[in-house]
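Under the working numbering, the first residue of the sequence shown is numbered 30, with each subsequent residue one higher.
Glycine is no exception: its CB is placed at the ideal position from the N, C-alpha and C atoms.
Keep in mind the model is a prediction, meaning the values are calculated, not measured.
Step one of this worksheet: look at the structure below.
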Amino acid sequence: MNIRLNLSGVKPFIDENSVKALTDSAVEANRSLYEKTGKGNGFLGWLTLPSAVSELEISEIEQISKDLREKSDAVIVIGIGGSYLGAKAVIESLKPSFTDSRDSEDPEIIFAGHHLDEDYLYELLSYIKDKRISCIVISKSGTTTEPAVAFRLVKQFIEKKYGKAEAKERIVAITDEKRGALRKMAEQEGYKTFVIPDDVGGRFSVFTPVGLLPVSVAGLDVRTLLKGASDMEKSSNLDAPVEKNICATYAVIRNILYQNGKKIEILANYNPKLHYLTEWWKQLFGESEGKEYKGIFPAGVDFTSDLHSMGQYIQEGERILFETVIGVERQYGELTVPEDDENLDQLDFLAGKRIGEVNRMAELGTMLAHVDGGVPNIRIEIPELNEYYMGQLIYFFEKSCGISGYLLGINPFDQPGVEAYKKNMFALLGKPGFEIEGEKLKTRIASF
Ligand code: PA5
Numbered sequence: 030m031n032i033r034l035n036l037s038g039v040k041p042f043i044d045e046n047s048v049k050a051l052t053d054s055a056v057e058a059n060r061s062l063y064e065k066t067g068k069g070n071g072f073l074g075w076l077t078l079p080s081a082v083s084e085l086e087i088s089e090i091e092q093i094s095k096d097l098r099e100k101s102d103a104v105i106v107i108g109i110g111g112s113y114l115g116a117k118a119v120i121e122s123l124k125p126s127f128t129d130s131r132d133s134e135d136p137e138i139i140f141a142g143h144h145l146d147e148d149y150l151y152e153l154l155s156y157i158k159d160k161r162i163s164c165i166v167i168s169k170s171g172t173t174t175e176p177a178v179a180f181r182l183v184k185q186f187i188e189k190k191y192g193k194a195e196a197k198e199r200i201v202a203i204t205d206e207k208r209g210a211l212r213k214m215a216e217q218e219g220y221k222t223f224v225i226p227d228d229v230g231g232r233f234s235v236f237t238p239v240g241l242l243p244v245s246v247a248g249l250d251v252r253t254l255l256k257g258a259s260d261m262e263k264s265s266n267l268d269a270p271v272e273k274n275i276c277a278t279y280a281v282i283r284n285i286l287y288q289n290g291k292k293i294e295i296l297a298n299y300n301p302k303l304h305y306l307t308e309w310w311k312q313l314f315g316e317s318e319g320k321e322y323k324g325i326f327p328a329g330v331d332f333t334s335d336l337h338s339m340g341q342y343i344q345e346g347e348r349i350l351f352e353t354v355i356g357v358e359r360q361y362g363e364l365t366v367p368e369d370d371e372n373l374d375q376l377d378f379l380a381g382k383r384i385g386e387v388n389r390m391a392e393l394g395t396m397l398a399h400v401d402g403g404v405p406n407i408r409i410e411i412p413e414l415n416e417y418y419m420g421q422l423i424y425f426f427e428k429s430c431g432i433s434g435y436l437l438g439i440n441p442f443d444q445p446g447v448e449a450y451k452k453n454m455f456a457l458l459g460k461p462g463f464e465i466e467g468e469k470l471k472t473r474i475a476s477f
């Protein structure tokens with residue numbers, strides 16, 4: 030079974046002719062991806078990645094994962110952006126919400142290097158003080174400031190605790206095959222390494238060791254994740270009929286809505302475990318499409334929590350929004366609303382109902398209210414949260430993003446705008462070579 034797209038909540042807002050016209054362009058966009066004739070065609074390795082990962086690569090990942098799991102209470106995964114969010118999204122979506130480390134066979138996965146907060150790093154070092162620690166450091170360029178700063182601290186901590194010889198058994202680096210500071214350091218120190226292929230950008234790298242190793246260390250099944258992804262790859266390739274290609278359909282619908290003035294897409298979930306999937310999705314679409322002063326702004330909400338914060342705006346604010354809801358059909362835990370003799374909260378009409386049913390009715394009620402209020406609603410339906418459907422979902426979004434970026438007319442595979450803050454930060458911190466710019470910025474800041 031595949032994940033499905035339900036477009037009932039979009040139909041009142043779009044006309045069939047525009048769908049037909051843009052579907053033809055989506056077919057062409059999909060062809061450009063496979064024939065490598067579009068913009069950014071040096072970064073299309075992700076397109077066939079799920080089915081191209083070899084048995085040898087998977088076994089190597091599983092073997093290193095087994096080793097790290099055996100020797101660690103906690104594994105620090107260092108990376109930012111595409112070198113962090115995919116693994117975080119899969120792990121948060123599929124692991125239990127609460128784990129008592131005393132009864133768990135799995136090491137705790139702790140992410141670091143995804144910001145520069147001093148307190149976080151200070152608290153991290155004191156938290157791991159008495160734990161058995163390993164580290165996976167991930168950076169394609171090998172020069173990104175946030176992970177490099179965190180890695181300096183964690184490397185020093187591990188070397189101090191275990192000595193240099195043992196440290197190299199506890200540190201794994203995932204980076205470019207030949208270039209960059211992390212590659213050089215890994216070779217010098219003798220770390221085990223995995224390669225991020227040249228033609229795969231960070232935000233499309235979930236099905237490389239960047240996503241697969243941390244996910245495997247967390248105790249999840251990477252083979253099933255890849256199977257889900259490669260099934261979605263198959264059902265959206267050039268042999269697949271376009272009416273079955275939900276990646277193309279999603280790309281078409283969101284572009285029509287954008288052309289009709291819906292400039293913001295809100296990805297909504299009703300399962301808090303999907304919070305980081307939304308964060309990953311925001312990066313995927315934001316970094317891929319926000320170019321040339323164009324692009325849908327990707328936002329996210331966790332319902333029903335955010336119905337009590339963002340619900341008012343969505344219902345009655347500016348009509349520039351559309352909503353894409355990830356609906357999960359089956360929950361594995363079974364819990365009903367208990368009866369209460371007093372019934373002071375007057376909720377006895379819910380007694381005996383599954384909590385999931387209450388959540389589902391909240392979702393349907395919200396969908397109808399938002400559609401009535403002028404917010405188109407796309408629903409992505411997932412049978413359940415497991416590795417297989419998570420693999421499908423991630424590849425679905427990647428492929429949709431490639432097609433959608435081409436429909437928008439931009440290069441979805443670069444991120445030139447990310448450099449601007451880095452240049453200013455380096456100048457302000459006095460990096461050699463940035464002195465003149467640094468002085469200019471300091472003068473400007475003084476007058477702020
Ligand atoms: O998607 C991307 O390319 C970015 O988000 C990068 O993954 C992010 O900037 C981290 O880069 P690097 O892996 O080079 O440290």
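Contact set for residue i: own chain, Cβ-Cβ below 7 angstroms, skip 5 residues either direction
{"i": "residue 292", "result": "325, 326, 349"}
{"i": "residue 255", "result": "79, 82, 236, 420"}
{"i": "residue 330", "result": "295, 297, 339"}
{"i": "residue 336", "result": "395"}
{"i": "residue 137", "result": "102, 103, 130"}
{"i": "residue 449", "result": "none"}
{"i": "residue 311", "result": "327, 329"}
{"i": "residue 416", "result": "123, 249, 250, 253, 254, 257"}
{"i": "residue 382", "result": "365, 366"}
{"i": "residue 404", "result": "343, 350, 351, 352"}
{"i": "residue 418", "result": "32, 257, 411, 412"}
Within 9 angstroms, strictly: CB atoms of residue i and residue j
{"i": "residue 107", "j": "residue 183", "result": "yes"}
{"i": "residue 59", "j": "residue 409", "result": "no"}
{"i": "residue 437", "j": "residue 287", "result": "yes"}
{"i": "residue 169", "j": "residue 111", "result": "yes"}
{"i": "residue 21", "j": "residue 135", "result": "Missing from the structure shown is residue 21; the chain here goes from 30 to 477 and no further."}
{"i": "residue 265", "j": "residue 428", "result": "yes"}
{"i": "residue 333", "j": "residue 305", "result": "no"}
{"i": "residue 445", "j": "residue 323", "result": "no"}
{"i": "residue 412", "j": "residue 32", "result": "yes"}
{"i": "residue 365", "j": "residue 384", "result": "yes"}
{"i": "residue 463", "j": "residue 452", "result": "yes"}
{"i": "residue 224", "j": "residue 90", "result": "no"}
{"i": "residue 309", "j": "residue 74", "result": "no"}
{"i": "residue 425", "j": "residue 279", "result": "yes"}
{"i": "residue 153", "j": "residue 139", "result": "yes"}
{"i": "residue 407", "j": "residue 38", "result": "yes"}
Nearest-angstrom beta carbon gap, residue j and residue i [assumed within contact, 8 angstroms]
{"i": "residue 355", "j": "residue 303", "result": "6 angstroms"}
{"i": "residue 180", "j": "residue 442", "result": "Contact flag wrong, Cβ pair sits at about 26 angstroms."}
{"i": "residue 165", "j": "residue 243", "result": "6 angstroms"}
{"i": "residue 119", "j": "residue 145", "result": "About 25 angstroms separates the two Cβ atoms, so there is no contact after all."}
{"i": "residue 173", "j": "residue 87", "result": "Rounded, the Cβ-Cβ distance is 27 angstroms, inconsistent with contact."}
{"i": "residue 423", "j": "residue 258", "result": "6 angstroms"}
{"i": "residue 456", "j": "residue 467", "result": "4 angstroms"}
{"i": "residue 400", "j": "residue 55", "result": "At roughly 24 angstroms, the Cβ-Cβ gap does not stay under 8 angstroms, so residue 400 and residue 55 are not in contact."}
{"i": "residue 199", "j": "residue 100", "result": "7 angstroms"}
{"i": "residue 345", "j": "residue 402", "result": "7 angstroms"}
Residues that DSSP places opposite residue i in a beta bridge
{"i": "residue 297", "result": "330, 354"}
{"i": "residue 35", "result": "408"}
{"i": "residue 141", "result": "107"}
{"i": "residue 223", "result": "203"}
{"i": "residue 162", "result": "103"}
{"i": "residue 232", "result": "Beta-bridge pairing links residue 232 to no other residue."}
{"i": "residue 365", "result": "383"}
{"i": "residue 389", "result": "According to DSSP, which records beta bridges pairwise, residue 389 is partnered with nothing at all."}
{"i": "residue 359", "result": "413"}
Same chain only: Cβ atoms within 6 angstroms of residue i, ignoring 5 sequence neighbours per side
{"i": "residue 274", "result": "265"}
{"i": "residue 196", "result": "187, 188"}
{"i": "residue 47", "result": "285"}
{"i": "residue 143", "result": "109, 113"}
{"i": "residue 230", "result": "72, 442"}
Cβ-based neighbour list, residue i, same chain, cut-off 8 angstroms, excluding 5 preceding and 5 following
{"i": "residue 149", "result": "141"}
{"i": "residue 77", "result": "262"}
{"i": "residue 30", "result": "412"}
{"i": "residue 367", "result": "380"}
C-beta neighbour in chain D for residue i, strict 9 angstroms
{"i": "residue 141", "result": "Among the chains in the structure shown there is no chain D, since it carries only a single protein chain."}
Contiguous beta strand (DSSP E) assignments of at least 3 residues, all confined to the region 165–216 = 200–204
Could you tell me which uninterrupted beta strand (DSSP E) segments, each at least 3 residues in length, are contained entirely in the region 395–426, listed from first to last along the chain?
-> 406–413
Give, in chain order, every unbroken run of the alpha helix (DSSP H) that is at least 4 residues long and sits entirely within the region 243–288.
-> 251–263, 275–288
Going along the chain, which unbroken runs of the alpha helix (DSSP H) with 4 or more residues stay wholly within the region 83–120?
-> 84–100
If you scan the region 48–88 from start to end, which runs of the alpha helix (DSSP H) of 4 or more residues do you find wholly inside it?
-> 78–81
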